[in-house]
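Enquirer: Following our numbering, the numbering of the sequence shown begins with 2 at its first residue and continues without gaps. Note that the Cβ used here is the ideal one computed from N, Cα and C, for glycine as well. Before I ask anything, here is the structure I am working with.
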Amino acid sequence: MSTVLIPAVEGLCPDQVADSPFHRLTSLSRQNLAATRGLPAHERRLLTEHFRDTFQWEAVRPLLPLRLVALPDAPPWEPRRCRSFYIWLPPDDIRSADDWNGLDDFDLVLRLFDFSPWRPTLAQRFRSHLGPPPFDPLTPPVVPPAGETGGGFSW
Numbered sequence: 002m003s004t005v006l007i008p009a010v011e012g013l014c015p016d017q018v019a020d021s022p023f024h025r026l027t028s029l030s031r032q033n034l035a036a037t038r039g040l041p042a043h044e045r046r047l048l049t050e051h052f053r054d055t056f057q058w059e060a061v062r063p064l065l066p067l068r069l070v071a072l073p074d075a076p077p078w079e080p081r082r083c084r085s086f087y088i089w090l091p092p093d094d095i096r097s098a099d100d101w102n103g104l105d106d107f108d109l110v111l112r113l114f115d116f117s118p119w120r121p122t123l124a125q126r127f128r129s130h131l132g133p134p135p136f137d138p139l140t141p142p143v144v145p146p147a148g149e150t151g152g153g154f155s156w
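As structure tokens, then:
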């Protein structure tokens with residue numbers, strides 16, 4: 002069984018999150034929400050000011066990966082050997098919005114978000130004191146359960 006050393010990575014604290022175009026989005030007023038209650042969600046989102054401009058692929062791509070914020074009280078991640086290693090990979094195969102066709106929600110989330118800042122928090126819950134080296138703490142929450150994918154993994 003091969004193992005990989007997962008190095009220490011600093012998580013982002015809330016005050017380190019860069020300003021983004023997502024802050025321009027405003028929600029509909031209560032009156033507008035009530036008036037548009039019958040509209041499907043995808044039509045209601047288009048009523049939000051700046052929605053189309055903010056979520057065009059050309060506007061989102063330079064911001065990737067969208068970094069998740071680490072909990073401020075999480076202990077630092079100590080480098081250790083694990084049987085798996087989650088790394089965010091850039092979606093180089095996505096060149097336009099049409100390339101998203103055929104991808105499911107899971108693929109979308111993996112291509113947009115970097116889960117690395119959550120490693121110290123999840124490591125508190127997923128531990129292996131006996132037996133083989135543990136999996137990367139990000140593997141259980143990020144990789145879908147084998148029963149859902151039909152992969153037949155033995156772990």
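With which residues is residue 108 paired in a DSSP beta bridge?
Expert: Answer by DSSP bridge pairing: none, since residue 108 is not bridged.
Enquirer: Confirm, please, whether the CB-CB distance from residue 78 to residue 9 is below 8 Å.
Expert: yes
Enquirer: Between 74, 108, 100 and 84, which has its C-alpha nearest residue 119's C-alpha?
Expert: 74
Enquirer: Does the beta-carbon of residue 124 have 16 or more other beta-carbons within 10 angstroms, so that it is buried, or is it exposed?
Expert: buried
Enquirer: Apply the 10 Å Cβ neighbour rule to residue 116 and answer buried if 16 or more other Cβ atoms are within range, or exposed otherwise.
Expert: It is buried - the Cβ of residue 116 has at least 16 other Cβ atoms within 10 Å.
Enquirer: Let me know the secondary structure DSSP gives residue 6 once reduced to three states.
Expert: Residue 6 carries a strand assignment under DSSP once its states are collapsed to helix, strand and coil.
Enquirer: Using DSSP with H/G/I as helix, E/B as strand and the rest coil, what is residue 100?
Expert: helix
Enquirer: Can you name the start and end residues of the beta strand (DSSP E) that residue 81 belongs to?
Expert: 81-83
Enquirer: Decide if residue 6 is buried, meaning its Cβ has at least 16 other Cβ atoms within 10 Å, or exposed.
Expert: Residue 6 counts as exposed, since fewer than 16 other beta carbons sit within 10 angstroms of its beta carbon.
Enquirer: Whose C-alpha, out of 36, 25, 35 and 101, is nearest the C-alpha of residue 92?
Expert: 101
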